[in-house]
Amino acid sequence: MNEWNIQSRAHACEACTQPFADQQPYHTVLFEEGKELRRSDICEPCAQKAVDGRQHKGFISQWHGIYEMPPAQPVEAIQKDTAETILRKLVELNDPRYAAAGYILAVMLERKRILRVKEQIKRDGQRIFIYEQPKTGDIFTIADPGLHLDQLEQVQHDVASLLEHGLNPPPPPETPVAETETETETETETETAPQPDEEAAAAS
17 MNEWNIQSRA HACEACTQPF ADQQPYHTVL FEEGKELRRS DICEPCAQKA
67 VDGRQHKGFI SQWHGIYEMP PAQPVEAIQK DTAETILRKL VELNDPRYAA
117 AGYILAVMLE RKRILRVKEQ IKRDGQRIFI YEQPKTGDIF TIADPGLHLD
167 QLEQVQHDVA SLLEHGLNPP PPPETPVAET ETETETETET ETAPQPDEEA
217 AAAS
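In this note's numbering, the protein residues as written are 17 to 220.
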């Protein structure tokens with residue numbers, strides 16, 4: 017199972033393909049397909065038909081939501097990273113090195129009520145959290161890395177660095193070239209080099 021995943025909310029019913037209207041109630045169902053989770057967003061009438069026909073087989077979670085029409089995004093000269101945008105980048109990157117930092121960012125966003133835990137599942141002894149961003153309806157699948165106390169300080173440092181610099185930390189300062197050593201070597205070569213008069217005397 018992919019432990020890092022984002023699934024966006026659909027803009028139309030998966031069953032009848034009718035576009036969702038602003039503030040329209042909809043139904044989200046999470047299915048387990050092989051090693052992956054798949055979300056299905058359907059309108060209320062289609063959800064009721066599915067329940068009556070007992071078609072929701074194999075689902076692991078379901079909930080109701082209210083569709084919000086995406087607002088027009090203003091053009092910004094500089095897009096500043098936030099904890100949420102960094103988490104999205106980490107999930108897309110899917111690099112195990114950032115697993116702990118991504119988990120901490122998700123917990124931070126949960127405490128700020130930007131993300132909500134919709135479900136917890138266990139796979140191979142590991143907890144998997146299903147988070148939802150209520151405004152966008154996006155679902156984040158984040159695995160619990162099982163951090164130990166002796167790892168927290170380093171993870172907190174990594175998270176602080178990500179919040180300050182993003183995924184592109186500043187390059188380390190360049191070590192200045194020791195010019196004095198070069199000058200000393202040049203002076204030594206000048207002193208030991210034979211002069212023209214000395215070469216003439218030696219030839220005679």
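Positions of the beta carbon are idealized from the N, C-alpha and C atoms, including for glycine.
Cβ-Cβ distances below 8 Å link Ala116 to Pro161, Leu163, Gln167, Val171, Asp174 in the same chain, with the five nearest sequence neighbours on each side left out; the list follows chain order. A Cβ-Cβ distance of about 13 Å is found for the pair Asp57 and Ala37, leaving them out of contact under the 8 Å criterion. Annotation for His181: no beta strand (DSSP E) segment contains it, though the alpha helix (DSSP H) segment containing it runs 165-181.
A check of alpha carbon separations from Asn184 across Leu165, Ser77, Arg129, Asp97 identifies Asp97 as the nearest. Taking all protein chains shown into account, His80 has fewer than 16 neighbouring C-beta atoms within 10 Å of its C-beta and is therefore exposed. Across the structure, Thr33 and Tyr114 are spaced so that their CA atoms are roughly 37 Å apart.
Taking the Cα of Ile137 as reference, the smallest distance to any Cα among Leu53, Glu30, Pro35 is reached at Leu53. Taking the Cα positions, Ala66 is about 49 Å away from Glu169. Secondary structure note for Ala116: its alpha helix (DSSP H) is the uninterrupted segment 115-127.
When the alpha-carbon of Gln23 is set against those of Gly182, Leu178, Ile155, the nearest one is in Ile155. By alpha-carbon distance to Gly141, the top candidate from Lys128, Tyr147, Leu131, Ala159 is Ala159. By DSSP's assignment, Leu53 forms a beta bridge with Glu48.
Distances from the alpha-carbon of Val45 to those of Glu30, Lys51, Gln149, Leu103 put Glu30 closest. Taken atom to atom, the span from the alpha-carbon of Met85 to that of Gln40 is near 10 Å.
Membership of Thr101 in any beta strand (DSSP E) is not indicated; the residue belongs instead to the alpha helix (DSSP H) covering 99-109.
DSSP lists Arg143 as the bridge partner or partners of Lys138.
For Ile155, the enclosing beta strand (DSSP E) covers residues 155-159. By the neighbour-count definition (other C-beta atoms within 10 Å, threshold 16), Leu165 is an exposed residue. Nearest to Glu135 by C-alpha distance, out of Ala28, Ala88, Gly118, Arg55, is Arg55.
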